[in-house]
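Numbering (this note's numbering), first residue to last: 470 to 606.
Glycine included, C-beta positions come from ideal geometry on N, C-alpha and C.
A short write-up of the structure that comes next.
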């Protein structure tokens with residue numbers, strides 16, 4: 470009553486007829502080539518490194534801009550927490566919002582001054598100024 474060494478040597482006393490069935494729960498499906506979680510992480514890490522190599526200069530500027538924006542938002546949120554926790558100032562939410570907006574504008578101006586950027590209003594004023602015309606004699 471056994472098949473390739475699997476099964477009962479005799480069905481006597483087992484309460485079964487000794488029929489051997491295939492174990493379908495162990496069957497290998499279409500995902501048998503799937504990677505383990507560690508292998509997936511390693512593959513994703515390699516893919517990210519490859520992708521980062523192909524980022525062009527414009528994309529790097531965008532990524533840098535996002536990082537700076539997040540840094541500013543973090544500083545503003547820390548400043549907000551500090552204002553909310555300070556009982557001596559006793560500020561309401563509207564006043565805290567105004568102070569945080571001013572602080573954010575201040576941080577943005579500092580970053581722009583370091584980079585040499587000019588505000589939009591300054592650029593517009595420069596564009597409106599009459600430029601000296603070159604004259605050939």
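Item to check | Sufficient close CB pairs (3 or more, under 8 Å) joining the stretch 502-517 to the stretch 535-550 | outcome: Taking 8 Å as the limit for Cβ pairs, the verdict is that the stretch 535-550 does not touch the stretch 502-517.
Next on the checklist: Please tell me whether residue 568 and residue 552 are closer than 8 Å, where the distance is taken between their beta carbons.
Outcome noted: Counting from 1 along the chain shown, the entry for residue 568 is found at position 99. Counting from 1 along the chain shown, the entry for residue 552 is found at position 83. Going by C-beta atoms, residue 568 is nearer than 8 Å to residue 552.
Checklist entry - Cα separation between residue 574 and residue 545? => result Residue numbering aside, residue 574 sits at position 105 when the chain shown is read from its first letter. Residue numbering aside, residue 545 sits at position 76 when the chain shown is read from its first letter. Straight-line Cα distance between these residues: approximately 10 Å.
Item to check | alpha helix (DSSP H) segments (min. 4 residues) lying fully within the stretch 546-605 | outcome: 562-584, 589-597, all fully within the stretch 546-605.
Checklist entry - In terms of residues, what are the limits of the alpha helix (DSSP H) holding residue 506? => result Within the chain shown, the letter at position 37 stands for residue 506. Per DSSP, residue 506 belongs to the alpha helix (DSSP H) from 506-522.
Item to check | Check whether residue 541 and residue 504 have beta carbons under 8 Å apart | outcome: For this step, residue 541 is matched to residue 72 along the chain shown. For this step, residue 504 is matched to residue 35 along the chain shown. No. Outside cutoff.
Checklist entry - How about residue 531 and residue 549: are their beta carbons less than 8 Å apart? => result For the purposes of this step, residue 531 is identified with residue 62 of the chain shown, where counting begins at 1. For the purposes of this step, residue 549 is identified with residue 80 of the chain shown, where counting begins at 1. The answer is no: Cβ separation not under 8 Å.
Item to check | Which residues DSSP lists as bridging residue 541, in chain order | outcome: Along the chain shown, read from residue 1 onward, the residue named residue 541 stands at position 72. DSSP, once it has assigned bridges, lists no residue as partnering residue 541.
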